[in-house]
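Asks: I have a structure here, written as structure tokens, and I will follow up with some questions on it.
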Amino acid sequence: MSRDLLVDLTRRTLEHARAGTVPLAGAVGRVPATHYYDPDRWALEMERVFKRTPLVLGFSCELAGPNSYKAMEVAGTPVLITRASDGSTKAFVNMCSHRGAVVVEPGSGTARRFTCPYHAWNYDNDGQLVGISDRDDFGDLDPSCNGLTPLPCAERAGIIFVGLEPNGEIDIDAHLCGYGDLLEFHGFADCTFVGSQSLDGPNWKVAYDGYLDFYHLPILHKDTFGPDRSNKAIYDAWGPHQRVSSPDHRMMELEDMPEADWPEDVLTNGVWTIFPHTSIAGFPVRVDGVEGGGRMYMVSTLFPGADPDSSVTIQNFLAAFDPTDELMPEIAAQQEFLMYVVREEDYFTGNRIQRTVKTGAKTEFLFGRNEAGGQRFHGWVDRLVAAESADDYRAVFAQAEVVFQR
Ligand code: FES
Ligand SMILES: [Fe+2]
Numbered sequence: 021m022s023r024d025l026l027v028d029l030t031r032r033t034l035e036h037a038r039a040g041t042v043p044l045a046g047a048v049g050r051v052p053a054t055h056y057y058d059p060d061r062w063a064l065e066m067e068r069v070f071k072r073t074p075l076v077l078g079f080s081c082e083l084a085g086p087n088s089y090k091a092m093e094v095a096g097t098p099v100l101i102t103r104a105s106d107g108s109t110k111a112f113v114n115m116c117s118h119r120g121a122v123v124v125e126p127g128s129g130t131a132r133r134f135t136c137p138y139h140a141w142n143y144d145n146d147g148q149l150v151g152i153s154d155r156d157d158f159g160d161l162d163p164s165c166n167g168l169t170p171l172p173c174a175e176r177a178g179i180i181f182v183g184l185e186p187n188g189e190i191d192i193d194a195h196l197c198g199y200g201d202l203l204e205f206h207g208f209a210d211c212t213f214v215g216s217q218s219l220d221g222p223n224w225k226v227a228y229d230g231y232l233d234f235y236h237l238p239i240l241h242k243d244t245f246g247p248d249r250s251n252k253a254i255y256d257a258w259g260p261h262q263r264v265s266s267p268d269h270r271m272m273e274l275e276d277m278p279e280a281d282w283p284e285d286v287l288t289n290g291v292w293t294i295f296p297h298t299s300i301a302g303f304p305v306r307v308d309g310v311e312g313g314g315r316m317y318m319v320s321t322l323f324p325g326a327d328p329d330s331s332v333t334i335q336n337f338l339a340a341f342d343p344t345d346e347l348m349p350e351i352a353a354q355q356e357f358l359m360y361v362v363r364e365e366d367y368f369t370g371n372r373i374q375r376t377v378k379t380g381a382k383t384e385f386l387f388g389r390n391e392a393g394g395q396r397f398h399g400w401v402d403r404l405v406a407a408e409s410a411d412d413y414r415a416v417f418a419q420a421e422v423v424f425q426r
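For the sequence shown, the numbering used here assigns the number 21 to the initial residue and increments by one for each residue that follows.
Written out as structure tokens, the structure reads:
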């Protein structure tokens, strides 16, 4: 089913490559410059987008073994994700019920019990309070009512989604708008998690705009991977989630190949985004310059920083092959390269934009007819920021459409 759809979309992209054309949005889009730095606007984005939307906080293969866990800070909330005793993933606010200490240091590992560093209260990986120091002296307390506070969590297509509202709920199917089947096709659940690295960047939307933008590839990235890249993009959408593919010359290799033989890495090429903060890009890992190893994914997750002018990006690396010792130097070299490109080219530019945007010289930014993805992304953020209640939020998603650019 997904393969048929991917073949259909690839056929469409090939036709554009052959004709040298690209589908375009109806008009030039405009985004107020204030949306990139105004503190009130940013606070609304935090409350109405980041606190309500399931976020990509981990991967099934990252928490693969029994008792594995991951602790991280997300938009000001300390989060603990565990592989619980029943094998499911659970998420909690990483905050002690006694007097609020962060229980688990940021990082990952395996543990059946977590001990608070302040007074040594103990929690299990189901979030239950299982130990109170000097319990007789402490006094009367029902442990069953004093576990870690749960966060809503769902595992889909090998991705762990977590919501940031304590005791809240997420509807992952409503969120994914049918995109989950396409994500399944990447096979993340069967990958090996090979590591992550983080870097600081500008306002989360300045940073995220770049992941939806192929227009800049041969220009900004002229010294690295850009010179032979097409600057054209086709945007397919499942609600707010977009796949960005390019009708570039590589597509022409498919001309003489039966559709049944079109390889999966071609069918899934381009950038796959998960609203509001995730970008997935696949690339081959080569051995001695020859394609060997297999396909590796960089899944970039962007998080707003402490203020409107900053963000943090985690680059997560998943290998769809056995990452043997022989391949590790290649994998490390790719990670280093991707860190360099994003830090020295994309975010170097983004950090400068973060300063120019506040000069007041321009009141709005432009997204061309060839930048339909950016237009759609900002439209979704605007609609969710305007959604006052959780019901309003759900109503926006209830109107989500699947759109294939033809
Ligand atoms: S704050 Fe955790 S045991 Fe006191
Ligand atoms: Fe870029």
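Backbone N, C-alpha and C define an ideal beta-carbon position, used for all residues, glycine too.
#1: DSSP on residue 142, reduced to helix/strand/coil?
#2: Using 10 angstroms around the beta-carbon of residue 302, count the other beta-carbons present and answer buried if the total reaches 16, otherwise exposed.
#3: Indicate whether residue 165 and residue 141 have their beta-carbon atoms separated by less than 8 Å.
#4: From residue 289 to residue 265, what distance separates their C-alpha atoms?
#5: Can you say whether residue 432 is buried or exposed, counting buried as having 16 or more other CB atoms within 10 angstroms of its CB?
#6: Measuring straight from C-alpha to C-alpha, what distance separates residue 384 and residue 49?
#7: Please tell me whether, using a cut-off of 7 Å, the distance from the CB of residue 366 to the nearest non-hydrogen atom of ligand 2 is below it.
#8: Rounded to whole angstroms, how far is the Cβ of residue 77 from the Cβ of residue 51, which I believe are closer than 8 Å?
#9: Among 316, 348, 196 and 320, whose alpha-carbon lies nearest the alpha-carbon of residue 231?
#10: Answer yes or no: the CB of residue 25 versus the heavy atoms of ligand 2, is any distance below 7 Å?
#11: Could you tell me whether any non-hydrogen atom of ligand 2 is closer than 7 Å to the CB of residue 46?
#12: Near residue 258, what residues of its chain come up, given a Cβ to Cβ distance below 8 Å and the 5 sequence neighbours on each side ignored?
#13: Can you tell me where the alpha helix (DSSP H) holding residue 368 begins and where it ends?
#14: Considering only heavy atoms of ligand 1, does any lie closer than 7 Å to the CB of residue 120?
#15: What does residue 395 pair with, by DSSP beta-bridge criteria?
#16: Tell me whether residue 239 is buried or exposed, calling it buried when 16 or more other Cβ atoms sit within 10 Å of its Cβ.
#17: State the DSSP-derived secondary structure class of residue 254, mapped to helix, strand or coil.
#18: Any heavy atom of ligand 2 closer than 7 Å to the CB of residue 230?
#19: Measure the C-alpha to C-alpha separation of residue 393 and residue 225 and round it to an integer number of angstroms.
#20: Go ahead and pull the three-state DSSP assignment for residue 127.
#21: Can you list, in chain order, the residues of its chain with a C-beta nearer than 7 Å to that of residue 378? Leave out the 5 residues immediately preceding and following it.
#22: Could I get the ranges of all uninterrupted beta strand (DSSP E) runs contained in the segment 26 to 67, with 3 residues as the minimum, in chain order?
#23: In this structure, how does DSSP classify residue 184 when only helix, strand and coil are distinguished?
#24: With a threshold of 16 other CB atoms inside 10 Å of the CB of residue 37, please say whether the residue is buried or exposed.
#25: When every heavy atom of ligand 1 is checked, does at least one fall within less than 7 Å of the C-beta of residue 140?
#26: Near residue 62, which residues of its chain fall below 6 Å by C-beta distance, leaving aside the five closest residues on each side in sequence?
#27: Please work out which residues of its chain come closer than 7 Å, Cβ to Cβ, to residue 153, disregarding the five sequence neighbours upstream and downstream, and give them in chain order.
#28: My output table needs one value for residue 320: the three-state DSSP class, helix, strand or coil.
#29: If you measure from the CB of residue 219, is any heavy atom of ligand 4 nearer than 7 Å?
#30: Considering only heavy atoms of ligand 2, does any lie closer than 7 Å to the CB of residue 236?
#31: Out of curiosity, what's the CA-to-CA distance linking residue 20 and residue 207?
#32: Going by DSSP, what residues sit across from residue 232 in a beta bridge?
#33: If I measure Cβ to Cβ from residue 59 and keep anything under 7 Å in the same chain, skipping five residues before and after, which residues do I get?
#34: Roughly how many angstroms lie between the CA atoms of residue 96 and residue 326, to the nearest whole one?
#35: Locate the alpha helix (DSSP H) running through residue 194, then write down its first and last residues.
#36: List the whole-angstrom C-beta distance separating residue 111 from residue 214, where the pair is believed to meet the contact cut-off of C-beta under 8 Å.
Replies: Judging by the given coordinates:
#1: As a first step, residue 142 is located in the sequence shown; it is residue number 122 there, counting from the start. Note: residue 142 maps to strand in three-state DSSP.
#2: Sequence index remark: in the sequence shown, residue 302 carries index 282 (1-based). With 16 or more other Cβ atoms within 10 Å, it is buried.
#3: The sequence position of residue 165 within the sequence shown is 145, counting from 1. The sequence position of residue 141 within the sequence shown is 121, counting from 1. With contacts defined by Cβ atoms closer than 8 Å, residue 165 and residue 141 do not form a contacting pair.
#4: Locating residue 289 in the sequence shown gives position 269, where the first residue counts as 1. Locating residue 265 in the sequence shown gives position 245, where the first residue counts as 1. Their backbone Cα atoms lie some 7 Å apart in a straight line.
#5: Since the first residue shown for the chain is 21 and the last is 426, residue 432 is missing from the structure and cannot be characterised.
#6: The count along the sequence shown starts at 1 and reaches residue 384 at position 364. The count along the sequence shown starts at 1 and reaches residue 49 at position 29. Taken atom to atom, the span from the alpha-carbon of residue 384 to that of residue 49 is near 10 Å.
#7: As a first step, residue 366 must be located in the sequence shown, where it is residue number 346. Yes, the Cβ of residue 366 comes within 7 Å of a heavy atom of ligand 2.
#8: For the purposes of this step, residue 77 is taken as the residue at position 57 of the sequence shown. For the purposes of this step, residue 51 is taken as the residue at position 31 of the sequence shown. The beta-carbon distance between residue 77 and residue 51, rounded to whole angstroms, is 27 Å. This is too long to meet the 8 Å contact definition.
#9: Within the sequence shown, numbered from 1, the residue matching residue 231 stands at position 211. Closest by alpha carbon: 320.
#10: In the sequence shown, the residue the question calls residue 25 occupies position 5. Checking every heavy atom of ligand 2 against the Cβ of residue 25, none is found closer than 7 Å.
#11: Walking along the sequence shown from the start, residue 46 turns up at place 26. Answer for residue 46: no, Cβ out of range of ligand 2.
#12: As a working note, residue 258 is residue 238 in the sequence shown. Within the same chain, residue 258 has close Cβ partners 196, 197, 198, 199, 202, 420 and 422.
#13: The residue you call residue 368 lines up with position 348 of the sequence shown. Start and end: 367 to 376.
#14: For the purposes of this step, residue 120 is identified with residue 100 of the sequence shown, where counting begins at 1. It does: the Cβ of residue 120 is within 7 Å (strictly closer) of some heavy atom of ligand 1.
#15: Here residue 395 corresponds to residue number 375 of the sequence shown, with the count starting at 1. Secondary-structure assignment with DSSP links residue 395 through no beta bridge to anything.
#16: For the purposes of this step, residue 239 is identified with residue 219 of the sequence shown, where counting begins at 1. Looking at its Cβ environment, which holds fewer than 16 other Cβ atoms inside 10 Å, residue 239 is exposed.
#17: Taking the sequence shown and counting its residues from 1, the one referred to as residue 254 is at position 234. Three-state result, residue 254: strand.
#18: In the sequence shown, residue 230 corresponds to position 210, counting from 1. Within the cutoff, so yes.
#19: Here the question's residue 393 lines up with position 373 in the sequence shown. Here the question's residue 225 lines up with position 205 in the sequence shown. Cα to Cα, residue 393 sits roughly 13 Å from residue 225.
#20: On the sequence shown, residue 127 is found 107 positions in, with the first residue counted as 1. Collapsing the DSSP output to three states places residue 127 in a strand.
#21: Numbered from 1 along the sequence shown, position 358 holds the residue referred to as residue 378. Same-chain partners within the cutoff: 57.
#22: Entirely contained in the segment 26 to 67, the beta strand (DSSP E) runs reaching 3 residues are, in chain order, 49 to 52.
#23: Mapped onto the sequence shown, residue 184 falls at position 164. The three-state secondary structure of residue 184, taken from DSSP, is coil.
#24: For this step, residue 37 is matched to residue 17 along the sequence shown. Flag for residue 37 reads buried.
#25: Counting from one through the sequence shown, the residue named residue 140 turns up at place 120. For residue 140, the shortest separation between its Cβ and any heavy atom of ligand 1 lies below 7 Å.
#26: Counting from one through the sequence shown, the residue named residue 62 turns up at place 42. Closer than 6 Å at Cβ, skipping near neighbours: 328.
#27: What you label residue 153 is simply residue 133 of the sequence shown in a count that begins at 1. Counting only Cβ-Cβ distances below 7 Å, and skipping sequence neighbours, we find 139, 140 and 141.
#28: Taking the sequence shown and counting its residues from 1, one reaches residue 320 at position 300. Here DSSP, grouped into helix, strand and coil, assigns residue 320 to strand.
#29: You won't find ligand 4 in this model; what it holds is ligand 1 and ligand 2.
#30: For the purposes of this step, residue 236 is taken as the residue at position 216 of the sequence shown. Because some heavy atom of ligand 2 lies under 7 Å away, the Cβ of residue 236 counts as near it: yes.
#31: The structure shown does not extend to residue 20, since the chain is modelled only from 21 to 426, so the question has no answer here.
#32: As a first step, residue 232 is located in the sequence shown; it is residue number 212 there, counting from the start. None; residue 232 has no bridge partner.
#33: Taking the sequence shown and counting its residues from 1, the one referred to as residue 59 is at position 39. So the list reads 328, once near-sequence residues are dropped.
#34: Here residue 96 corresponds to residue number 76 of the sequence shown, with the count starting at 1. Here residue 326 corresponds to residue number 306 of the sequence shown, with the count starting at 1. Answer to the nearest angstrom: the Cα atoms are 7 Å apart.
#35: As a working note, residue 194 is residue 174 in the sequence shown. Note, residue 194: alpha helix (DSSP H), 192 to 196.
#36: Sequence index remark: in the sequence shown, residue 111 carries index 91 (1-based). Sequence index remark: in the sequence shown, residue 214 carries index 194 (1-based). That belief does not hold up - the Cβ atoms of residue 111 and residue 214 are roughly 23 Å apart, past 8 Å.
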